[in-house]
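Here is the structure we will look at, set down as structure tokens.
Number of protein chains: 2
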Amino acid sequence: MKGIIMIIDGMADRPLEELGDKTPLEAAKTPNMDRMAQLGVNGIMDSIKPGIRPGSDTAHLSILGYDPYTVYTGRGPFEAAGVGVKVLPGDIAFRCNFSTANEEGIITDRRAGRIRDGTDKLVDTLNSMELEENIEIIFKESTGHRAVLVLRGEGLSDQISDADPKHDGKKFKKVVGLDGSPEAERTAAVLNKVIKKSYELLVDHPVNLKRLENGKNPANITLPRGAGAVPNADPFNGKYGIKSACIAETGLIQGIAQIAGMDVIEVEGATGGIDTNLDNITSSILKNASLDYDFILINIDGADEAGHDGNLNEKVEFIEKVDDVIGKVMEIKDVYFILTADHSTPISVMDHTGDPVPLVIKGPDLRVDNVNKFNERAAASGGLCRIRGSDVMNILMDLMDRSTKFGA
Amino acid sequence: MKGIIMIIDGMADRPLEELGDKTPLEAAKTPNMDRMAQLGVNGIMDSIKPGIRPGSDTAHLSILGYDPYTVYTGRGPFEAAGVGVKVLPGDIAFRCNFSTANEEGIITDRRAGRIRDGTDKLVDTLNSMELEENIEIIFKESTGHRAVLVLRGEGLSDQISDADPKHDGKKFKKVVGLDGSPEAERTAAVLNKVIKKSYELLVDHPVNLKRLENGKNPANITLPRGAGAVPNADPFNGKYGIKSACIAETGLIQGIAQIAGMDVIEVEGATGGIDTNLDNITSSILKNASLDYDFILINIDGADEAGHDGNLNEKVEFIEKVDDVIGKVMEIKDVYFILTADHSTPISVMDHTGDPVPLVIKGPDLRVDNVNKFNERAAASGGLCRIRGSDVMNILMDLMDRSTKFGA
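Protein chains in written order, with the working numbering: chain U, 13 to 420; chain P, 13 to 420.
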């Protein structure tokens with residue numbers, strides 16, 4: 013038996029007056045999800061614990077069986093892994109902006125004219141940077157003006173402040189140690205040097221000279237923020253004795269899969285928005301499910317985006333489109349298929365909340381319950397009652413008959 | 013949005029044959045609670061965890077988001093705070109009896125003729141006590157023959173035995189250290205000295221000479237018990253970023269609020285019994301809800317008293333009276349209102365049990381369920397399923413939009 017967990021990011025919601033006190037999921041036409049509820053065992057789930065507002069990152073970590081309070085040190089490591097840096101435990105990772113600075117170090121444009129092209133060349137130059145300290149510097153471009161930075165070496169710490177001043181017209185901030193440790197002081201000093209050198213290397217860079225010619229703001233400095241130490245996460249495959257893959261749209265979730273040691277499958281046209289190519293995602297799921305993976309984690313992100321935007325129609329429509337994907341995934345044979353969300357992103361709040369999410373498991377020999385709709389409220393009367401994210405992999409491994417008995 | 017948690021102490025129960033297998037709460041006429049169940053989202057709650065028999069103190073600590081296994085060191089600190097001693101972290105606090113001793117130290121009456129008047133004067137005298145050790149002694153009278161004692165100073169411990177012999181006709185016990193530490197030895201020695209001095213100061217006290225004249229047992233010695241170190245509890249307001257108040261009847265719950273740093277509101281005529289003045293309590297709730305408090309904790313105690321007394325009719329009648337209070341609290345605008353109990357006090361057991369209690373939340377945008385009665389069994393099919401006391405504040409803060417997201 014294989015296992016599939018499909019997480020529709022931010023799908024769960026709260027009742028809305030304009031939907032006659034239904035949630036978007038209750039209002040959406042979702043014949044496939046409802047059939048799955050009917051064929052399966054249902055419940056509600058708190059990704060972390062009741063009332064706690066999870067990030068998508070901490071929720072996924074928890075659902076994969078990692079304690080986010082131990083493993084989650086900040087967004088940097090997962091973003092870095094997500095753009096393809098092969099991070100190692102102990103690396104200090106940052107999210108960076110390419111920005112525009114003047115000679116006095118005033119940041120005149122935090123996003124460097126929303127630069128789209130040429131950051132790969134800027135990164136090549138930055139990666140040639142040499143420091144006296146025995147520290148490896150790894151820059152990698154992400155989308156637009158975004159990049160990541162990884163520091164690798166002995167005696168580093170993530171307890172340091174951000175360089176990004178957060179507003180245009182301010183000087184970039186001097187990075188300082190936050191806990192008084194010599195490691196933090198050293199890392200802060202290294203980072204200040206890296207920022208200064210990034211300006212020296214980029215100010216007359218051909219990419220920027222061209223931008224200036226075209227009247228565009230140059231990307232002449234990098235400003236790191238969100239320092240996090242790459243955790244020493246128990247490799248997922250070893251932990252459960254399985255071969256696993258992840259099909260996700262965003263760097264953040266791909267980064268989690270990467271750090272957990274799962275195979276990360278890229279899908280063409282997967283944007284993480286409501287305009288994503290669901291056909292390609294479906295094909296990728298069906299193809300990879302036919303390979304020798306025991307377990308596939310799938311994350312589809314558009315409903316969360318619509319929730320953050322407070323766009324009710326887009327959320328309902330996207331859920332209905334995802335329902336078609338689920339219909340096709342339901343045809344995969346010999347699988348325990350779990351459908352859920354990582355958190356609620358209510359239209360009325362436009363951000364994540366701590367409300368529990370519905371969860372259904374379909375597969376052989378389950379204690380099928382009387383729930384026949386897949387939504388937040390119907391699930392609450394299901395046979396699983398209320399579980400936590402940290403229970404999900406244990407339940408799945410037990411059903412897949414890959415658990416070992418604790419005791420005699 | 014404001015938040016209100018109203019705890020009807022010991023309201024939950026077990027089915028009784030004489031009620032046709034209904035619980036007192038199921039049998040009572042509670043139209044307001046039932047309307048609240050209909051309008052809200054329901055569930056059952058274990059204040060600590062399933063099957064654990066909570067005290068009112070440990071249950072309230074847990075519901076307020078404190079881990080009782082860490083914070084609860086004994087009843088002394090909360091009783092002391094509840095009678096108005098401004099306790100500080102590290103203080104060692106005791107419950108005390110005023111008792112009657114003869115010259116040989118035999119306790120002839122543990123409750124000193126159930127003395128009601130004059131203990132304030134005895135306390136004034138006791139507080140004049142001087143010790144060679146650099147330790148502050150704070151006595152404070154409570155109701156009847158009860159008082160509290162607080163020791164303040166460096167190098168003290170709560171790991172010491174009780175002086176109270178628990179039965180009349182026995183000599184009071186020598187206090188000893190329980191863990192072999194020098195701090196416990198020192199505290200025991202201090203306490204033995206305090207007990208001896210209390211006899212010397214009280215034996216010829218005018219209050220006692222008058223009692224002897226009137227043929228009453230003198231209150232000529234104090235016997236401490238229930239040593240506890242005042243915990244260093246995270247201040248409640250800071251922890252949640254709110255301004256909070258507590259309306260409670262008993263010193264124990266007031267003491268918890270005090271130690272948590274909440275404003276403690278006194279209500280005239282609030283006895284903690286079934287004869288309490290519910291009109292005054294209602295007025296106080298409505299008045300304080302109109303002030304700038306973000307959060308109010310309310311405890312009403314009579315149903316617990318009736319449960320301890322095994323008095324079924326009184327319990328049902330008191331629940332019906334409390335239902336009127338709830339009707340008025342339901343009219344408060346812009347509030348998330350949580351109604352629950354801290355534990356069950358079944359008529360058949362006459363003490364607390366570990367049965368879960370019903371809980372309902374009323375307020376905007378909730379996933380209202382199909383439950384339309386407020387009681388132990390109806391609540392179990394509600395949308396919250398089964399939660400813990402430690403979840404309650406997290407759920408409330410999430411609904412009040414005062415939570416921060418953990419992760420991205």
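For glycine and all other residues, C-beta sits at the position ideal for the given N, C-alpha and C.
Secondary structure of U/R400 (DSSP, three-state): strand.
Secondary structure of P/L168 (DSSP, three-state): coil. At least one beta carbon of chain P lies nearer than 8 Å to the beta carbon of U/E388.
Listed in chain order, the non-local C-beta contacts of P/A239 below 7 Å within the same chain comprise G86, G88, I104, F106, D170 and I172, local neighbours out to five positions each way being set aside. If you ignore the 5 residues before and after U/V97, its C-beta comes within less than 8 Å of the C-beta of A105, I150, K152, V160 and V162, all in its own chain and listed in chain order.
Using a CB distance below 8 Å, the part of the stretch 370–386 of chain P facing chain U consists of D377, L378, R379, V380 and D381, ordered along the chain.
For P/K417, the residues of chain U that pass the 8 Å Cβ criterion are R65, P66, G67, D363 and H364, in the order they occur in the chain. By the Cβ neighbour-count rule, P/D21 is buried, with 16 or more other Cβ atoms within 10 Å of its own. Judged by DSSP in its simplified three-state form, U/V279 adopts coil rather than helix or strand. The bridge partners DSSP lists for P/T365 are P/S356. Boundaries of the beta strand (DSSP E) harbouring P/N54: V53 to D58, taken from the DSSP string.
For P/R389, the uninterrupted alpha helix (DSSP H) segment begins and ends at E388 to A391. Taking 8 Å as the CB threshold, P/S356 stays off the interface with chain U. Under the DSSP assignment, P/R237 falls in the beta strand (DSSP E) whose first and last residues are I233 to A241. Closer than 8 Å to the CB of U/T82 there is not a single CB belonging to chain P.
Under the Cβ criterion (8 Å, minimum of three pairs), the stretch 123–141 of chain U does not count as touching the stretch 285–304 of chain U. Spanning the alpha carbons of P/I16 and P/C108 requires a straight line of approximately 34 Å. Contacts with chain U at 8 Å (Cβ-Cβ) include P/S393. U/I259 is positioned such that its CB atom lies closer than 8 Å to that of U/I310. U/A353 is the residue among U/N244, U/V334, U/A353 and U/V383 whose C-alpha sits nearest the C-alpha of U/R400. Beta-bridge analysis with DSSP links U/I104 to U/L163 and U/A241.
For U/K374, same chain residues with a beta-carbon under 6 Å away, outside a window of 5 residues either side, are M48, L51, G52 and F349 in chain order. Around the C-beta of P/Y305, 16 or more other C-beta atoms lie within 10 Å, and the residue is accordingly described as buried. Interface with chain P (8 Å Cβ-Cβ cutoff): U/R237 is excluded.
A residue is called buried when at least 16 other Cβ atoms come within 10 angstroms of its Cβ; U/F248 meets this threshold and is buried. Taking all protein chains in view, the Cβ of P/A282 is crowded by 16 or more other Cβ atoms within 10 Å, so the residue is classified as buried. Under the three-state reduction of DSSP output, P/G189 falls in the strand class. In this structure, the straight-line span from the alpha carbon of U/V372 to that of U/I75 is close to 14 Å. Here U/G167 is actually not in contact with U/E148; their C-beta atoms are around 13 Å apart, not less than 8 Å.
Within the DSSP bridge table, the entry for U/T112 names U/D121 as partners.
Contact annotation, U/L351 with U/M45: C-beta distance approximately 7 Å; criterion of less than 8 Å satisfied.
With the rule of 3 Cβ pairs closer than 8 Å, the stretch 28–45 of chain U counts as touching the stretch 385–398 of chain U.
Burial state of P/K14 is buried, judged by a 10 Å Cβ sphere holding 16 or more other Cβ atoms. With distances taken between CA atoms, P/V188 lies nearest to P/V202 out of P/Y78, P/I331, P/G181 and P/V202. U/H364 counts as buried, since no fewer than 16 other beta carbons sit within 10 angstroms of its beta carbon. By the CB criterion at 8 Å, P/G419 and U/P66 fall inside the cutoff.
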